[in-house]
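Engineer: Line by line, the protein sequences are chains A and B. Per my numbering: the first sequence = residues 1 to 284. Per my numbering: the second sequence = residues 1 to 273. Cβ coordinates follow ideal geometry from the N, Cα and C atoms, glycine included. Here the structure is a predicted model, which is why all the values come from computation and not from measurement. Here's a structure for you.
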Amino acid sequence: MSIQSWEPAAPTTTLDRPPAQERRSIVKPSRGKQYEPIVIGTFSVILALTAWQLVANARVMPILFLPGPNDVAQAFVKLFQTDDIWLDIGTSGAELGIGYGMAIAIGLVTGLLMGWYTRFQYALDPFVNFFYSTPRIVLIPLFIIWFGIDMPSKIAVIFLGALFPIIINTMAGVRNTEAALLRVARSFGASDALIFRRVVLPGSVPFILTGFRLGIGHALTGVVVAELIAARHGVGQLIAIAGQTFQTPKMLAGVILIAGTGMLLTTILQRIENRFQAWRPQLR
Amino acid sequence: MYDRSAKLAAKGVVIEYWLHRSKTIFRAVQGVDLTVRPGEFLAIVGPSGCGKTTFLNAVDGLIPIAEGSLTLDGREITKPGADRAMVFQQPGLLPWRTVLGNVMFGVEAQGTMTKDEAQRRAKQQIELVGLKGFEDAYPLELSGGMQQRVNLARALLTDPEMLLLDEPFAALDAQTREMMQLELLKIWSQTRKTALFITHDIKEAIYLSDRVIVFTRRPGRVKNELEIKLSRPRDLRVKRDPQFLTYEDEIWESIQEELAVPAERLMAGMPAA
Numbered sequence: 001m002s003i004q005s006w007e008p009a010a011p012t013t014t015l016d017r018p019p020a021q022e023r024r025s026i027v028k029p030s031r032g033k034q035y036e037p038i039v040i041g042t043f044s045v046i047l048a049l050t051a052w053q054l055v056a057n058a059r060v061m062p063i064l065f066l067p068g069p070n071d072v073a074q075a076f077v078k079l080f081q082t083d084d085i086w087l088d089i090g091t092s093g094a095e096l097g098i099g100y101g102m103a104i105a106i107g108l109v110t111g112l113l114m115g116w117y118t119r120f121q122y123a124l125d126p127f128v129n130f131f132y133s134t135p136r137i138v139l140i141p142l143f144i145i146w147f148g149i150d151m152p153s154k155i156a157v158i159f160l161g162a163l164f165p166i167i168i169n170t171m172a173g174v175r176n177t178e179a180a181l182l183r184v185a186r187s188f189g190a191s192d193a194l195i196f197r198r199v200v201l202p203g204s205v206p207f208i209l210t211g212f213r214l215g216i217g218h219a220l221t222g223v224v225v226a227e228l229i230a231a232r233h234g235v236g237q238l239i240a241i242a243g244q245t246f247q248t249p250k251m252l253a254g255v256i257l258i259a260g261t262g263m264l265l266t267t268i269l270q271r272i273e274n275r276f277q278a279w280r281p282q283l284r
Numbered sequence: 001m002y003d004r005s006a007k008l009a010a011k012g013v014v015i016e017y018w019l020h021r022s023k024t025i026f027r028a029v030q031g032v033d034l035t036v037r038p039g040e041f042l043a044i045v046g047p048s049g050c051g052k053t054t055f056l057n058a059v060d061g062l063i064p065i066a067e068g069s070l071t072l073d074g075r076e077i078t079k080p081g082a083d084r085a086m087v088f089q090q091p092g093l094l095p096w097r098t099v100l101g102n103v104m105f106g107v108e109a110q111g112t113m114t115k116d117e118a119q120r121r122a123k124q125q126i127e128l129v130g131l132k133g134f135e136d137a138y139p140l141e142l143s144g145g146m147q148q149r150v151n152l153a154r155a156l157l158t159d160p161e162m163l164l165l166d167e168p169f170a171a172l173d174a175q176t177r178e179m180m181q182l183e184l185l186k187i188w189s190q191t192r193k194t195a196l197f198i199t200h201d202i203k204e205a206i207y208l209s210d211r212v213i214v215f216t217r218r219p220g221r222v223k224n225e226l227e228i229k230l231s232r233p234r235d236l237r238v239k240r241d242p243q244f245l246t247y248e249d250e251i252w253e254s255i256q257e258e259l260a261v262p263a264e265r266l267m268a269g270m271p272a273a
């Protein structure tokens, strides 16, 4: 028998190094720990809804002022029994899709160019600063004059709302490229095109996605506010009319529709961001 | 005209910077004359801020020289080229690429190899620097010493005529540094590439080199030159050899003199207050 055999055999699950793309912690987590965020989050939401329901049930305020969650839920169901809702969702959805889509396409290209070519940045900086520091919704009256009260004026507001956070973050991503990485690339004689594609662009991805995520918030604000002011159809318009006609539960149902859309889109982008971060060791 | 026995020849090299804030020219390197022979391992030591890294950057072609001439095999150095490869003090690895992807980055930037060939040879190179099994690890999962191995492998894969090393082990802990010195010598003895090594660590310079050059304080010039006649292959025990200690004393004296230089000479290279 060799001396080595006195050593206890290593458990077969032990690896030389932790595999890439995996979260680590010092101790083996208990089964429950894994579901902790979902369990606690769900619990706190249920708690809040219950409290809201109890206060509403006490009817210290009339339903006009304080409908309960059940009233809102009923209004929500009723909303989807009409045909109008699909026209509203379709209108707002199309406005959002076109406006936000254009903002992504143009914002990404502009941001990359501004980050990469200093002179281009000097030329556009005054405009970006002007529009970014102005609430874009002040331009709604102008857009209504130009484009009327239908979709084009809404698309313009959404586009301008989402555009600037995307430009600014993309530009910051390019500018934040680590000097050490650039020096390495130059030292190996990399062309500017290669440096841009293999060093600058991948390094900017987290910044770009953050810009997209901030853009969603601005885009949704644009949808609602533009429709509140003047529109024929749309979820914002639905909220405005329900509010003006004292249908508070219906109004809140519309609000939930908007909030749900925002949360859904943000979550999707968060997932995409995580995919691009596989190389970053997770703390926790 | 040029010295045929020299791989790299520097004659009266002056390197200057433009200082934006004080709007003056700052001289970092002042008339450096030196040659590196083919297959030689040469180290430059000097007090910190003496312009040794600046000089190396000029050899790599990253910064231009103001006066003098700098030639590799008789060709003037004007920009980075595939005939030189740098091992940086900061590893400078792309964090979103694996070890394999990072090792391939140098040849990829040079465009000198097909992807398949690069991948195949990168794997061999990774094995040579002792990182077998870590091909798919990301840089942030590696220790500092392992990151520097990747840095070294990336440079070696480009198969340069001359290897430039800019204090590659300065940021490592003492034990890792010694191990890396040993490994570097092992790898170097297999390839015998001409190497120019910058360091502030006197022992490191003697242990690795055939010849050590001492720079003066800023603006940097060649102050002293020392042939290291220790037999190769060298193991770490050579650091306690009496001959080694004599070299160390001599270089230490040289640097001490520089550190004691009166302040006005230091100011000579600096912008007027």
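Do the CB positions of F159(A) and G254(A) come within less than 8 Å of each other?
Structural biologist: By 1-based counting over the first sequence, the position of residue 159(A) is 159. By 1-based counting over the first sequence, the position of residue 254(A) is 254. No.
Engineer: Helix, strand or coil: which one does DSSP assign to G12(B)?
Structural biologist: By 1-based counting over the second sequence, the position of residue 12(B) is 12. Of the three classes helix, strand and coil, the one that applies to G12(B) here is strand, per DSSP.
Engineer: Hey, would you say the C-beta of T78(B) is under 7 Å away from at least one heavy atom of the ligand ATP?
Structural biologist: Here there are no bound small molecules, and the ligand ATP is not part of this structure.
Engineer: Can you tell me whether A179(A) is buried or exposed, with buried defined as 16 or more other CB within 10 angstroms of its CB?
Structural biologist: The count along the first sequence starts at 1 and reaches residue 179(A) at position 179. Using a 10 angstroms sphere on the CB of A179(A), the tally of other CB atoms stays under 16, which defines it as exposed.
Engineer: Please compile the residues from chain A whose C-beta is within a distance smaller than 8 Å of the C-beta of D249(B).
Structural biologist: Reading the second sequence from its first residue, position 249 is the one you call residue 249(B). The premise fails here: D249(B) is roughly 36 Å from chain A at the closest Cβ pair, so nothing lies under 8 Å.
Engineer: Any idea what DSSP makes of F41(B), helix, strand or coil?
Structural biologist: Indexing the second sequence from 1 puts residue 41(B) at position 41. Strand, per DSSP.
Engineer: Could you please give me the residues that DSSP links to T24(B) through a beta bridge?
Structural biologist: Here residue 24(B) corresponds to residue number 24 of the second sequence, with the count starting at 1. In DSSP, T24(B) forms a bridge with L19(B).
Engineer: Out of M113(B), K193(B), N151(B) and D201(B), point me to the one whose CA is closest to P38(B)'s CA.
Structural biologist: Here residue 38(B) is taken as the residue at index 38 of the second sequence, counted from 1. Measuring C-alpha to C-alpha distances from P38(B) to each of M113(B), K193(B), N151(B) and D201(B) identifies K193(B) as the nearest.
Engineer: Which residues in the same chain as T177(A) place their Cβ atom closer than 7 Å to its Cβ, once the five residues preceding and following it in sequence are excluded?
Structural biologist: If you number the first sequence from 1, residue 177(A) lands on position 177. If we look at T177(A) and ignore the five residues flanking it on each side, its Cβ neighbours are V199, V200 and G203.
Engineer: By the 10 Å Cβ neighbour count, where 16 or more other Cβ atoms means buried, how is M146(B) classified, buried or exposed?
Structural biologist: In the second sequence, the residue the question calls residue 146(B) occupies position 146. It counts as buried.
Engineer: Mind pulling the chain E residues with CB within less than 8 Å of A172(A)?
Structural biologist: The chain labelled as chain E is not found among the protein chains of the depicted structure, namely A and B.
Engineer: Using 8 Å as the cut-off, can you tell me whether the segment 179-198 of chain A makes contact with the segment 228-242 of chain A, which would need three or more C-beta pairs spanning the two stretches below that distance?
Structural biologist: no
Engineer: Taking buried to mean at least 16 other C-beta atoms within 10 Å of its own C-beta, is A260(B) buried or exposed?
Structural biologist: Counted from its first residue, the second sequence places residue 260(B) at position 260. It counts as exposed.
Engineer: Could you give the uninterrupted runs of the beta strand (DSSP E) lying entirely in the segment 146-174 of chain A, keeping only those of 3 residues or more?
Structural biologist: Assignment of beta strand (DSSP E) within the segment 146-174 of chain A, counting only whole runs of 3 or more residues, yields no such run.
Engineer: Extract the residue ranges of the alpha helix (DSSP H) inside the segment 56-111 of chain A, only unbroken runs of 4 or more that lie entirely within it.
Structural biologist: 69-79
Engineer: From P160(B) to T261(A), what does the alpha carbon distance come to, in whole angstroms?
Structural biologist: In the second sequence, residue 160(B) corresponds to position 160, counting from 1. In the first sequence, residue 261(A) corresponds to position 261, counting from 1. Distance between the alpha carbons of P160(B) and T261(A) is about 56 Å.
Engineer: Comparing alpha-carbon positions, which option in T199(B), D33(B) and L163(B) lies nearest T191(B)?
Structural biologist: Translated into positions along the second sequence, residue 191(B) becomes position 191. T191(B) has its Cα closest to that of L163(B), out of T199(B), D33(B) and L163(B).
Engineer: Can you list the residues of chain B that F159(A) reaches, using a CB-CB cut of under 8 Å?
Structural biologist: Residue numbering aside, residue 159(A) sits at position 159 when the first sequence is read from its first letter. Simply none; closest approach about 31 Å.
Engineer: Under 8 Å, Cβ to Cβ, is there at least one residue of chain A near M86(B)?
Structural biologist: Residue 86(B) sits at position 86 when you count from the first residue of the second sequence. At least one chain A Cβ lies under 8 Å of M86(B).
Engineer: Under DSSP, the beta strand (DSSP E) around G68(B) begins and ends at which residues?
Structural biologist: To locate residue 68(B), count along the second sequence from 1; it is residue 68. It spans E67 to L72 - the beta strand (DSSP E) in which G68(B) sits, taken as one unbroken run.
Engineer: For N274(A), tell me which candidate among A259(A), L209(A) and V77(A) has the shortest Cα-Cα distance.
Structural biologist: As a first step, residue 274(A) must be located in the first sequence, where it is residue number 274. Among A259(A), L209(A) and V77(A), the Cα nearest to that of N274(A) is on L209(A).
Engineer: List, in chain order, every chain B residue whose beta-carbon is nearer than 9 Å to that of F188(A).
Structural biologist: Mapped onto the first sequence, residue 188(A) falls at position 188. Here the neighbours are P80, A82, A85, M86, F105, G106, V107, E108, A109, Q110, R154, A155 and T158.
Engineer: Go ahead and pull the three-state DSSP assignment for K123(B).
Structural biologist: Numbered from its first residue, the second sequence carries residue 123(B) at position 123. K123(B) falls in the helix class under three-state DSSP.
Engineer: So, is P37(A) buried or exposed, given that buried needs 16 or more other C-beta atoms within 10 angstroms?
Structural biologist: Here the question's residue 37(A) lines up with position 37 in the first sequence. Its Cβ having fewer than 16 others within 10 Å, P37(A) is exposed.
Engineer: Can you pull the chain B residues whose beta carbon is under 7 Å from the beta carbon of V184(A), in chain order?
Structural biologist: Stepping through the first sequence from its first residue, residue 184(A) is reached at position 184. Going along chain B in sequence order, the residues near V184(A) (Cβ under 7 Å) are F88 and G92.
Engineer: For R217(B), which of P233(B), L236(B) and I255(B) has the nearest alpha-carbon?
Structural biologist: Taking the second sequence and counting its residues from 1, one reaches residue 217(B) at position 217. Ranked by Cα distance from R217(B), the options P233(B), L236(B) and I255(B) are led by I255(B).
Engineer: Looking at the secondary structure, which residues open and close the alpha helix (DSSP H) in which E257(B) lies?
Structural biologist: Residue numbering aside, residue 257(B) sits at position 257 when the second sequence is read from its first letter. That run of the alpha helix (DSSP H) goes P242 to L259.
Engineer: Around the C-beta of N151(B), are 16 or more other C-beta atoms found within 10 angstroms, so that it is buried, or is it exposed?
Structural biologist: In the second sequence, the residue the question calls residue 151(B) occupies position 151. With 16 or more Cβ atoms within 10 Å of its Cβ, N151(B) is classed as buried.
Engineer: Report the partner residues of V200(A) according to the DSSP bridge assignment.
Structural biologist: Here residue 200(A) refers to the residue found at position 200 when the first sequence is read from its first residue. Answer is none; V200(A) lacks a bridge partner.
Engineer: Could you run through the segment 192-216 of chain A and flag, in chain order, every residue whose CB is less than 9 Å away from some CB of chain B?
Structural biologist: L194, I195, R198, V199, P202, G203 and V205
Engineer: Taking 8 Å as the cut-off, decide whether the C-beta atoms of F197(B) and L208(B) are in contact.
Structural biologist: Within the second sequence, residue 197(B) is the residue found at index 197, counting from 1. Within the second sequence, residue 208(B) is the residue found at index 208, counting from 1. Yes, Cβ-Cβ distance for F197(B) and L208(B) is below 8 Å.
Engineer: I need the DSSP call for I241(A), collapsed to helix, strand or coil.
Structural biologist: Taking the first residue of the first sequence as position 1, residue 241(A) is located at position 241. It is helical.
Engineer: Where R59(A) and L142(A) are concerned, what is the direct C-alpha to C-alpha distance, given to the nearest angstrom?
Structural biologist: The residue you call residue 59(A) lines up with position 59 of the first sequence. The residue you call residue 142(A) lines up with position 142 of the first sequence. Rounded to whole angstroms, the gap between the alpha carbons of R59(A) and L142(A) is 44 Å.
Engineer: Helix, strand or coil for V63(B)? Go by DSSP, reduced to three states.
Structural biologist: Within the second sequence, the letter at position 63 stands for residue 63(B). Note that residue 63(B) is Ile in the sequence shown, not Val. Here I63(B) sits in coil by DSSP.
Engineer: On the DSSP bridge assignment, give the partners of A85(B) in chain order.
Structural biologist: In the second sequence, residue 85(B) corresponds to position 85, counting from 1. A85(B) pairs with L163(B).
Engineer: For the alpha helix (DSSP H) containing N129(A), name the first residue and the last one.
Structural biologist: For the purposes of this step, residue 129(A) is taken as residue 129 along the first sequence, with counting starting at 1. Run containing N129(A): T118 to S133, per the alpha helix (DSSP H) assignment.
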